[in-house]
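Report on one structure; see the data block that follows.
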Amino acid sequence: MIRVAVIDDEPLARSGVIARLAAHADIELVGEYADGASALQGLRAKTPDLAFVDVQMPGMTGLEVLAALPAHQRPMAILLTAYDNFAVRAFELHAIDYLLKPIDDDRFAEALDRAREARSFRRRESALVGGPATGPKSARPAYLSRFVVRVGRRVAFVDIAEVEWIEADGDYATLHAGASAYLLRESLSRLSRQLDPAHFIRVHRSTIVRIDRVAELQPLSNRDALLRLRDGTPLRASRTYIGPLLERLKGLGDAVRY
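In the numbering used here, the protein residues as written are 11 to 268.
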């Protein structure tokens, strides 16, 4: 069973979500809350697996409720909102989806399916690290598994495995995934701390690359290096980052020439 809480200051909106949930046999409603303060208290006490959270509420907003909880205590969240401009912030708080009001039944079912998949993944991950957590997983950093980017008025999801390299663009970053490029509202310095170092490495103050996409490295006279990715993209590696880069590339064997 998936234990669910519903948080919305509008009684009709709450009852609409609850009515939809009643059609799913694997859902158990453990709480409903009309304001942020009571929701925060209820989430701490009931520890639901999933919460449907209204973004805009008087006093404490839905996003503030989620942000007030430590990451290891925060339930999966599906955001309820009349506007789409909260989407990126929502996913920074690890919300798995958001639904625009008035809620569409098909989108509601899709979001619930996504919650089921996410819960299944979390259970498998918990089993791999030795069972359910009893506190914060301080020894296991939570690295990004996907990016959330705006494409016009839409929000797109880019899987981390699709990204080949990332370049700084002022206070933003551009993700390069095949022939596509996505602008992300995030600095390269912050991104470098959120990416799994087993897969990504910074090679320049303005560039991060996925290590297994590097096909060739050519030293330059100023001790910098020219990288060539598997798709032929040339990138410059600064001498400041050459040492760690060479250490990481050793495991690629003949795939890299130096």
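Where is the CB? At the ideal position from N, CA and C, for every residue including glycine. Since this is a predicted model, take the numbers as computed values, not measurements.
Outcome for residue i when other beta-carbon atoms lying within 10 angstroms are tallied against a minimum of 16
{"i": "isoleucine 17", "result": "buried"}
{"i": "alanine 92", "result": "exposed"}
{"i": "valine 161", "result": "exposed"}
{"i": "alanine 87", "result": "buried"}
{"i": "alanine 265", "result": "Residue confidence for alanine 265 is low, a pLDDT of 44 falling below 50, so the modelled location carries little weight; the figure read from the coordinates is stated next. Exposed, because fewer than 16 other Cβ atoms sit within 10 Å of the Cβ of alanine 265."}
{"i": "arginine 133", "result": "exposed"}
{"i": "glutamate 127", "result": "exposed"}
{"i": "valine 27", "result": "buried"}
Chain C contact for residue i (CB, 8 Å cutoff)
{"i": "valine 40", "result": "Among the chains in the structure shown there is no chain C, since it carries only a single protein chain."}
Enclosing alpha helix (DSSP H) for residue i [first to last residue]
{"i": "valine 75", "result": "72-78"}
{"i": "isoleucine 252", "result": "249-259"}
{"i": "serine 202", "result": "198-204"}
Contact belief for residue i with residue j at Cβ below 8 Å, rounded distance in angstroms
{"i": "isoleucine 218", "j": "arginine 258", "result": "Contact doesn't hold; Cβ gap of about 12 Å is too wide."}
{"i": "histidine 186", "j": "isoleucine 176", "result": "7 Å"}
{"i": "leucine 90", "j": "phenylalanine 62", "result": "6 Å"}
Residue i beta carbon near the ligand SAH (any heavy atom closer than 7 Å)
{"i": "valine 161", "result": "For the structure depicted, the ligand SAH is absent and the ligand set is empty, with no information on it obtainable."}
Run of the beta strand (DSSP E) containing residue i, from where it starts to where it stops
{"i": "glycine 41", "result": "37-43"}
{"i": "isoleucine 17", "result": "12-17"}
{"i": "valine 158", "result": "156-161"}
{"i": "isoleucine 113", "result": "That residue, isoleucine 113, is in no beta strand (DSSP E); it is neither H nor E in DSSP."}
{"i": "isoleucine 88", "result": "86-91"}
{"i": "valine 165", "result": "164-169"}
Using 8 Å as the cut-off, can you tell me whether the segment 51-68 makes contact with the segment 11-26, which would need three or more C-beta pairs spanning the two stretches below that distance?
With the cut-off at 8 Å, the segment 51-68 and the segment 11-26 touch.
For the pair the segment 17-31 and the segment 108-123, tell me if three or more CB-CB distances fall below 8 Å.
yes
Unbroken stretches of the beta strand (DSSP E), 3 residues or longer, contained in the segment 207-251
210-214, 217-220, 224-229, 235-239 and 244-247
With a cut-off of 8 Å, do at least 3 Cβ pairs link the segment 200-210 to the segment 232-249?
no
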